[in-house]
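Colleague: Quick note on numbering: numbering that gives the first Met the number 0 labels position 321 of the sequence shown as 320, and the sequence is numbered without any gaps.
Encoded as structure tokens, here's the structure I'll be asking about.
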Amino acid sequence: MESKPRLNFVDRRLIRQCIHCGLCLPTCPTYQVLGSELDSPRGRIYQMKALADGRISPDDENLRRHIDLCLDCRACETACPSGVNYGQLLEHTRELIRPGRNSKNSKTETVARELVLNRTFTSGPLLDAAGLALRTYQKTGLQRVIRQTGLLKRVSPRLGELEQMLPEMQGGVGRSSVPRFVRARGKRRYRVAFLSGCVAAQIFGGTNQATVRVLVANGCDVITPDGQGCCGALHVHTGDRKTARDLARRNIAVFEEAGADYSIVNAAGCGSTLKEYGLLLADEPEWAERAGEFSGRVRDVTEFLASIDLVPPTGELHKRVTYQDACHLAHGQRIREQPRQLLRQIPGLELVEMAGSDTCCGSAGIYNVVNHDVSMQILERKIESVLATKADILAAANPGCIIQLMHGLRKRGVAMEVAHPIDLLDRAYHLT
Ligand code: SF4
Ligand code: SF4
């Protein structure tokens with residue numbers, strides 16, 4: 000039976016760990032744009048304490064608004080001298096106050112959550128159908144017509160704005176998928192299992208193929224297990240830990256079957272969640288150990304490649320590249336140097352740092368849809384930093400960031416390429 004959500008003993012201890020120093024405030028993107036203590040990490044922790052003490056009800060609309068406005072970017076964790084695990088606190092708080100449980104306007108939100116997160120994201124056939132519909136819309140020229148006529152904007156400005164955020168889907172109308180098994184080139188050094196993702200597999204199939212090619216070039220047998228599904232990151236971040244646990248159990252069983260040395264992921268948000276399956280299932284005796292074991296084998300693809308003797312790329316890529324730290328790599332997994340190390344190994348590539356590279360771009364799962372205006376303010380600041388570098392290419396290792404950054408650049412009329420570092424490495428392997 001699903002236990003009643005509560006801010007447990009560990010959460011209360013975490014809350015007490017906050018010494019109210021405020022060192023996290025300048026790093027918080029929502030505090031930067033909204034300027035309100037209640038939209039800062041310290042202010043949110045005050046509100047969580049009031050909730051834990053029973054001084055605020057989980058139904059309180061103000062509480063919900065300030066907690067909803069958090070990006071869960073975890074920049075505050077990096078800044079915190081006291082070791083507050085803010086991400087865990089936030090996710091547990093969201094579980095307590097999530098729509099459908101206490102919210103007044105729960106009906107609409109519950110339907111949206113049910114349709115998008117619980118039905119589409121968790122179902123392979125529905126995801127395939129949605130991906131096919133979007134690729135058909137884009138590749139047949141229908142999107143161009145809709146955009147030129149401004150039809151959607153006239154029907155609903157909000158829908159028109161959201162449509163503008165659709166990224167260029169890689170490949171043709173058919174999905175670019177990866178084979179179930181690809182043998183290592185040359186002598187086998189590792190057997191790895193690849194998490195191809197749910198939405199990312201529909202949009203960034205080409206990056207998935209590049210990931211497999213790079214792994215194979217580095218002596219990996221790559222298995223992409225059938226039956227894998229959404230990692231549950233969006234569910235965890237929106238407080239639906241029950242669905243996340245269901246998804247975690249399925250993925251653990253599927254990846255155990257693959258019998259690989261490592262599980263490799265090329266999406267920062269997914270990797271961060273996979274590495275926390277041990278925490279997610281800690282209270283389930285029959286799964287806790289398996290989850291911990293599974294999490295221990297998860298590697299971001301940049302983390303993995305930087306840890307092995309990389310086959311040096313020989314193709315030259317004479318481009319100026321700047322790198323955006325995905326929050327769930329830099330803050331969630333403490334992976335900063337490895338993607339930069341790989342990029343520096345590409346002959347001809349010049350890596351230039353942008354100011355605030357580890358500040359969130361405002362994507363944050365579905366944040367850019369549900370908190371669109373704040374997300375766009377955060378994005379605008381990010382694009383200023385990107386443009387100041389005068390880079391040719393913007394690299395980011397997370398699909399959500401890539402989509403958001405592409406949108407920000409398009410809005411400014413800038414034709415800068417946005418790519419995953421692994422796409423650039425793959426290009427260098429194949430350039431002659
Ligand atoms: S997770 Fe990000 S947005 Fe939320 S309080 Fe921390 S720094 Fe601010
Ligand atoms: S930096 Fe840490 S201890 Fe200081 S206010 Fe922020 S969360 Fe609290």
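Just so it is clear, CB atoms sit at the ideal spot from N, CA and C, and this is done for glycine as well.
Only counting runs of 3 or more residues, tell me where the beta strand (DSSP E) segments fall wholly within the segment 327-394, in order along the chain.
Modeller: Listed in chain order, they are 349-351.
Colleague: Classify Ile-263 as helix, strand or coil using the three-state DSSP reduction.
Modeller: Note: Ile-263 maps to strand in three-state DSSP.
Colleague: What is the rounded straight-line gap between the Cα of Glu-285 and the Cα of Cys-229?
Modeller: Going by the C-alpha atoms only, they are around 22 Å apart.
Colleague: Quick check: does the Cβ of Ser-35 come within less than 6 Å of any heavy atom belonging to ligand 2?
Modeller: Checking every heavy atom of ligand 2 against the Cβ of Ser-35, none is found closer than 6 Å.
Colleague: For Ala-140 and Val-198, what's the separation of their Cα atoms in angstroms?
Modeller: The sequence shown places Gly at residue 140, rather than the Ala named in the question. Spanning the two alpha carbons is a distance of roughly 22 Å.
Colleague: Going by beta-carbon coordinates alone, are Ala-216 and Arg-184 separated by less than 7 Å?
Modeller: Yes, Cβ-Cβ distance for Ala-216 and Arg-184 is below 7 Å.
Colleague: What is the DSSP secondary structure of Ala-252, reduced to helix, strand or coil?
Modeller: Here Ala-252 sits in helix by DSSP.
Colleague: Could you please give the first and the last residue of the uninterrupted beta strand (DSSP E) stretch that includes Ile-202?
Modeller: It is not in any beta strand (DSSP E) - Ile-202 instead sits in the alpha helix (DSSP H) that spans 198-202.
Colleague: Less than 7 Å between the C-beta atoms of Pro-28 and Cys-400, yes or no?
Modeller: Result no, Cβ atoms of Pro-28 and Cys-400 do not sit closer than 7 Å.
Colleague: According to DSSP, which residues form a beta bridge with Ile-222?
Modeller: Ile-222 pairs with Phe-180, Ala-192.
Colleague: Reducing DSSP to helix, strand and coil, say where Arg-12 ends up.
Modeller: Helix, per DSSP.
Colleague: Under 6 Å: does the beta carbon of Thr-29 sit that close to some heavy atom of ligand 1?
Modeller: Yes, ligand 1 has a heavy atom inside 6 Å of this Cβ.
Colleague: Opposite Asp-299 in the DSSP bridges: which residues?
Modeller: Looking at the DSSP assignment, Asp-299 forms a beta bridge with Val-264.
Colleague: Compute the Euclidean distance between the alpha carbons of Val-83 and Val-172, then round it to the nearest angstrom.
Modeller: C-alpha separation (whole angstroms): 46 Å.
Colleague: Could you check if Asp-10 belongs to the surroundings of ligand 1, using beta carbon to heavy atom distance under 6 Å?
Modeller: Checking the Cβ of Asp-10 against ligand 1 gives no.
Colleague: Is any heavy atom of ligand 1 found at a distance shorter than 6 Å from the C-beta of Arg-41?
Modeller: Outside the cutoff, so no.
Colleague: Counting C-beta neighbours from all protein chains within 10 Å, is the total for Asp-372 16 or more, i.e. buried, or is it exposed?
Modeller: It is exposed - the Cβ of Asp-372 has fewer than 16 other Cβ atoms within 10 Å.
Colleague: Under three-state DSSP, which class holds Cys-76?
Modeller: First, the amino acid is wrong: residue 76 is Glu here, not Cys. Note: Glu-76 maps to helix in three-state DSSP.
Colleague: Provide the residue span of the beta strand (DSSP E) that contains Arg-319, from first to last.
Modeller: Unbroken beta strand (DSSP E) run through Arg-319: 319-323.
Colleague: When you compare only the Cα positions, how much space is there between Leu-348 and Leu-423?
Modeller: For Leu-348 and Leu-423, the distance between alpha carbons rounds to 10 Å.
Colleague: Here's a check: name, in chain order, each residue in its chain whose Cβ is nearer than 8 Å to the Cβ of Lys-3, leaving out the five neighbours to either side.
Modeller: Caution is warranted here: a pLDDT of 47 is assigned to Lys-3, below 50, making its placement in the model unreliable, and no coordinate value can be reported.
Colleague: Mind checking which residues open and close the alpha helix (DSSP H) that includes Val-235?
Modeller: Segment 232-236, the alpha helix (DSSP H) holding Val-235.
Colleague: Go ahead and label Thr-237 buried or exposed: buried means 16 or more other beta carbons lie within 10 angstroms of its beta carbon, across all protein chains shown.
Modeller: Looking at its Cβ environment, which holds 16 or more other Cβ atoms inside 10 Å, Thr-237 is buried.
Colleague: Taking the alpha carbon of Ile-382 as the reference point, which residue from Cys-72, Arg-248, Gln-323, Gln-227 has its own alpha carbon closest?
Modeller: The option with the nearest alpha carbon to Ile-382 is Gln-323.
Colleague: Roughly how many whole angstroms lie between the Cα atoms of Glu-379 and Arg-182?
Modeller: Cα-Cα distance, rounded: 44 Å.
Colleague: I'd like the list of long-range same chain contacts for His-429, defined as Cβ closer than 7 Å, with 5 residues on each side in sequence excluded.
Modeller: Result list for His-429: Gly-314, in chain order.
Colleague: Determine the DSSP secondary structure at Gly-281, reduced to helix, strand or coil.
Modeller: The residue you asked about is not Gly; residue 281 is Ala in the sequence shown. Coil, per DSSP.
Colleague: In whole angstroms, what separates the C-alpha of Glu-283 from that of Arg-244?
Modeller: Computed Cα separation, rounded: 10 Å.
Colleague: Considering only heavy atoms of ligand 2, does any lie closer than 6 Å to the CB of Leu-22?
Modeller: For ligand 2, at least one heavy atom lies less than 6 Å from the Cβ of Leu-22.
Colleague: From Ser-262, Leu-309, Cys-20, Val-417, pick the residue whose C-alpha is nearest to that of Gly-295; which is it?
Modeller: The candidate whose alpha carbon is nearest that of Gly-295 is Ser-262.
Colleague: Under 6 Å from any heavy atom of ligand 1, does the C-beta of Leu-13 make it?
Modeller: For ligand 1, not one heavy atom lies less than 6 Å from the Cβ of Leu-13.
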